[in-house]
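One structure is given below, encoded as structure tokens.
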């Protein structure tokens, strides 16, 4: 909705309110494009609104011209808006409902400079969670509404350096969602362009801009070319702007980053100093198919690099991604589903057994199409079932059993139940006892009983489960 339309509405309501008290009943009955409830919501208090609703007024009705609701009109009511909005909220009216131009009531309140009402609407809209951390300026910047952002900042300059969702400041939110015009305006108003987010990543604005699917290209070009940001800068966890672009499947911005000198061969440390992963490993792990295909076009060697722990891209996909990613790596990239990881000779099937989201279909695919052995042991003596139960992945375990996996397998003196009790995997223990109750009485390492193993390794939930199954502590 154009701002001049709201201005006209504000002026109209202002002039009408002057004579409203003297002609209340006549005024409400003779509004034209608005309903009587709209008029009352804009000018009067909650008692009149309550009476109109009791008389049958449709609380969800929209005005004829630009489809604003009673909640939109209440946002313009400086004197009674807070109580009217509270009343409408109790009637389950939405505070995020849009008019025909996509504008919510909160933008009406900001335009009218009813900031207390706007803040009330913001709290009602986002009562909890990350978005509840945002202030009015964050909201306007995130919506890329420069006009509203200027009104808000002019009202309260202190909002500029406040941190909101995901521990991002206003300038980070602009980099993530807004355009270059908004970004430059914030800089002109004193935003700290070198600030880092306050989360575990400690991102700079270039990392955030790489996530911006609408305006990222122009933002990263400005930041690198004009403000001299390092195009390969790493956040605290070692992620570069390219990582952020690929996380969002933001190929256009990734292309721009490459033009600006971003390195495709960058590697980052994962869980230990020897386990380096490249960008393909990253994209595969997070199931970013669009980004993975883009990388493959740019550099066909990345997909064949081993991760630092010796796993192939297919091992990583089987553990973390979906069936589509696994098939693409085999069919289009030529990776071998029979390949073993360099460390411990881990099979792709063992990795799939860890995958809670997609493990079942990946296991079925690997066994049916490539005849992978469901009972194969790696160098540590672990089978795919061991991996499934270590991850409390019962769905994967059931699929392995259906395909012939042996529930009585042992690793040294331990059966699968011993292993699961030692690892304190309650869901796995419950499943195993239900399937093979005889496992309870088998002696474990050093002749220890299940009760002894649980006492040494289990928590209250494990003790409770085993007690219910007849064990005595």
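Residue numbers (the UniProt record's numbering): 1 to 473.
Even for Gly, the Cβ is constructed at its ideal location relative to N, Cα and C.
query	result
Through-space distance from residue 250 to residue 474, alpha-carbon basis	Because the chain is modelled from 1 through 473, residue 474 falls outside the range shown and cannot be assessed.
Beta-carbon separation (whole angstroms), residue 396 vs residue 360, contact threshold 8 angstroms	6 angstroms
Residue burial classification, residue 309 (beta-carbon count within 10 angstroms, cutoff 16)	buried
Close-in-space but distant-in-sequence residues of the same chain around residue 295 (CB under 8 angstroms, 5 per side omitted)	246, 264, 279, 280, 283, 302 and 303
Bridge partner(s) assigned by DSSP for residue 169	163
Identified DSSP bridge partners for residue 267	278
Assigned exposure category for residue 341 - 16 Cβ within 10 Å defines buried	buried
Contact belief for residue 104 with residue 97 at Cβ below 8 angstroms, rounded distance in angstroms	7 angstroms
Where residue 154 sits in the DSSP three-state scheme	helix
Whole beta strand (DSSP E) elements within the region 361–447, 3-residue minimum	none
Three-state secondary structure (DSSP) of residue 461	helix
Cut-off 6 angstroms between Cβ atoms - residues of its own chain near residue 503, not counting five sequence neighbours on either side	No answer is possible for residue 503: it lies beyond the span of the chain, which begins at 1 and ends at 473.
Cβ-Cβ distance between residue 353 and residue 384 below 8 angstroms	yes
DSSP state of residue 286 mapped onto helix, strand, coil	coil
CB contact flag (residue 177, residue 234, <8 angstroms)	no
For residue 237 and residue 362, the rounded distance between their alpha carbons	30 angstroms
Beta-carbon proximity of residue 85 to residue 74, cut-off 8 angstroms	yes
The ligand FAD heavy atom lying under 7 angstroms from the CB of residue 89	Ligands displayed in this structure: none; no statement on the ligand FAD is therefore possible.
Check whether residue 217 and residue 270 have beta carbons under 8 angstroms apart	no
Assigned secondary structure, residue 127 (DSSP; H/G/I helix, E/B strand, else coil)	coil
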